[in-house]
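Numbered according to numbering that gives the first Met the number 0, the sequence shown spans residues 0 to 198. Ideal Cβ positions, reconstructed from N, Cα and C, are used throughout, including at glycine. Notes follow once the structure below has been shown.
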Amino acid sequence: MASAAGPEIERLITLLAKLPGMGPRSARRATLALLKRREHLLDPLAKAMAEASARVRPCTLCGALDTVDPCTLCADPHRDASLICVVEDVGALWAMERGGAFRGRYHVLGGLLSALDGVGPGELRVPELLARTGEEVREVVLALPATVDGQTTAHYLADRLQPTGVQVTSLARGVPVGGDLDWLDDGTIAQAMRARRPA
Ligand SMILES: [Zn+2]
0 MASAAGPEIE RLITLLAKLP GMGPRSARRA TLALLKRREH LLDPLAKAMA EASARVRPCT
60 LCGALDTVDP CTLCADPHRD ASLICVVEDV GALWAMERGG AFRGRYHVLG GLLSALDGVG
120 PGELRVPELL ARTGEEVREV VLALPATVDG QTTAHYLADR LQPTGVQVTS LARGVPVGGD
180 LDWLDDGTIA QAMRARRPA
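Right under this line is the structure:
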């Protein structure tokens, strides 16, 4: 394709176009906006990205992303350590936090069981979850999507958690079938968390 920009700018466009929600057209517009506002946008963004790349790591306890380990959420003494909310990924964790209805700790699974995609329990952070359900934990909330894979994973986890004696609950419906937590409005998530029920 003919291009008006040099290879460095084309590279920026190509990389930005790989971001979710971006296509080549919006990547071009974003690149132009960055280059036009170099001091206020491009330079601070480049610095923030370099810092994130150097310092952000998954928390060894819950799997959330942070620059400290254990993460800020795990280290917060005001959060209820007897309550663990299991989420598919960090996006779902962030959605849950935006809802503001949950004041316990989290556990990021790192995916869902999927026969179709060949994802088995070994690919997920299941042993880490079981290891966390010691005497301190009284309830595990399964906040997984209402999809086939989400519900398969929830049943599997409920089975694995049963011998530990911990109470297992899941989010109430209100979470639409096929729904990804990340796409829900904050109020719906908060309501689903309050109306959770035994899994
Ligand atoms: Zn953590």
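Contact between PRO69 and LEU60 holds: CB atoms are separated by about 5 Å, below the 8 Å threshold.
For LEU180, the closest of PRO197, ARG97, GLY119, ALA4 by C-alpha to C-alpha distance is ARG97.
Ranking ALA47, THR13, ILE188, PRO120 by CA distance to the CA of LEU31 puts THR13 first. For LEU15, the shortest separation between its Cβ and any heavy atom of ligand 1 does not lie below 6 Å.
Excluding five sequence positions before and after CYS73, the CB atoms of its chain that fall closer than 7 Å to its own CB belong to CYS58, LEU60, CYS61, ARG104, given in chain order. Per DSSP, the beta-bridge partners of HIS106 are VAL85.
For THR146, the secondary structure class from DSSP, reduced to helix, strand or coil, is coil. Taking VAL86 as the centre and dropping the five residues before and after it, the same chain places the C-beta of LEU92, MET95, TYR105, HIS106, VAL107, LEU108, ALA142, LEU143, LEU180 closer than 8 Å to its C-beta, in chain order. Ranked by Cα distance from VAL125, the options ASP116, LEU112, LYS35, GLY117 are led by LEU112. Residues with their Cβ less than 6 Å from any non-hydrogen atom of ligand 1, running along the chain, are CYS58, LEU60, CYS61, ALA63, PRO69, CYS70, LEU72, CYS73. Here ALA194 is near ALA171, since their CB atoms are less than 7 Å apart. Between the alpha carbons of ALA189 and GLY5 lies a gap of roughly 48 Å.
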